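In the UniProt record's numbering, the protein residues as written are 1 to 216.
Worksheet for the structure shown next.
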């Protein structure tokens, strides 16, 4: 499976175009990237969780998109590492549950290996939270399984300032519950980002077949 790491920020609409092409041709691919400030609403969004008017977002240079993934509102911004995973579950004979469990486990194990930071999941509120303070969320997840081909994925708060989250109740929770590696006082340098990606590749490959990496 091909892996692509983007060093430049990818406009959200560009990702949606890439996603549709990958799904159309059932072309498997893992993407690591960052977005400019963007808010997305999933298929289960609650309008009350958007705390500002779209006009205000536009004035602040924040894009908003309504998309076909699970979950409510979430935010993307520079410094947040986004992992988009496009996997043909039908070809691999993988269940949705198995895929989700192993995707989350890959992130949990990779974060622990990188910072000795322990995370837990919450079945009632998708995402990953600090084991030491379960009210603090550091990683969002939203996945689409159309035609048993996955898209979207996870967004891990690394060095982002979390300002975009103030415009929403992320997944129905207060934005003040969001945290990041930077907020926790841990090393968030580029070398740690690369280390995290390296562990993610290793752990993802443990339940997916060997992958080929490239950069863009």
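For each residue, glycine too, the CB sits at the ideal point set by N, CA and C.
Fair warning: this is a prediction, and the values are worked out from it, not measured in the lab.
Excluding the 5 residues preceding and the 5 following residue i in the sequence, name in chain order all residues of the same chain whose CB lies nearer than 6 Å to its CB.
| i | result |
| --- | --- |
| residue 113 | 199 |
| residue 197 | 32 |
| residue 102 | 207 |
| residue 144 | 68, 69, 151 and 152 |
| residue 81 | 156 and 158 |
| residue 22 | 29 and 86 |
| residue 174 | none |
May I ask you to report which of helix, strand or coil DSSP gives residue i?
| i | result |
| --- | --- |
| residue 41 | strand |
| residue 52 | coil |
| residue 16 | helix |
| residue 74 | strand |
| residue 83 | strand |
| residue 165 | helix |
| residue 232 | Since the displayed the chain opens at 1 and closes at 216, residue 232 lies outside it and no answer follows. |
| residue 60 | coil |
| residue 46 | coil |
| residue 119 | strand |
Which residue's Cα is closest to the Cα of residue i: the options?
| i | options | result |
| --- | --- | --- |
| residue 217 | 78, 48 and 150 | One cannot answer for residue 217 here, as it falls past the ends of the chain, which runs 1 to 216. |
| residue 53 | 99, 84, 166 and 43 | 166 |
| residue 158 | 35, 46, 51 and 3 | 35 |
| residue 176 | 153, 206, 27 and 136 | 136 |
| residue 10 | 83, 201, 47 and 116 | 83 |
| residue 180 | 130, 142 and 191 | 130 |
| residue 41 | 194, 193 and 172 | 172 |
| residue 71 | 116, 195, 155 and 186 | 155 |
| residue 115 | 194, 59 and 142 | 194 |
| residue 3 | 92, 128 and 27 | 27 |
| residue 25 | 125, 6, 91 and 192 | 91 |
| residue 178 | 76, 12 and 124 | 76 |
Might you give, ordered along the chain, the residues of its own chain that have their beta carbon closer than 7 Å to the beta carbon of residue i, omitting 5 neighbours on each side?
| i | result |
| --- | --- |
| residue 99 | 87, 89 and 150 |
| residue 64 | 39, 54 and 57 |
| residue 188 | 158, 159, 181 and 182 |
| residue 110 | 196, 199, 200 and 203 |
| residue 142 | 42, 69, 70, 71, 74 and 152 |
| residue 46 | 72 and 172 |
With a CB to CB cut of under 8 Å and the five nearest residues on each side skipped, what residues in its chain are close to residue i?
| i | result |
| --- | --- |
| residue 62 | 37, 38, 39, 164 and 167 |
| residue 18 | 31 |
Over what stretch of residues does the beta strand (DSSP E) that includes residue i continue unbroken?
| i | result |
| --- | --- |
| residue 98 | No beta strand (DSSP E) holds residue 98; the alpha helix (DSSP H) holding it covers 96–115. |
| residue 133 | 133–144 |
| residue 2 | 2–5 |
| residue 33 | 29–33 |
| residue 89 | Segment 89–92 is the alpha helix (DSSP H) holding residue 89; no beta strand (DSSP E) there. |
| residue 152 | 151–157 |
To the nearest whole angstrom, what separates the beta carbons of residue i and residue j, a pair I think is in contact under 8 Å?
| i | j | result |
| --- | --- | --- |
| residue 140 | residue 74 | 5 Å |
| residue 133 | residue 49 | In fact, because the Cβ distance is near 22 Å, the residues do not count as touching under 8 Å. |
| residue 106 | residue 30 | Not really, about 11 Å apart at Cβ, beyond 8 Å. |
| residue 108 | residue 128 | 7 Å |
| residue 119 | residue 138 | 7 Å |
| residue 94 | residue 121 | Not really, about 19 Å apart at Cβ, beyond 8 Å. |
Taking the alpha helix (DSSP H) that residue i belongs to, which residues open and close that run?
| i | result |
| --- | --- |
| residue 197 | 190–205 |
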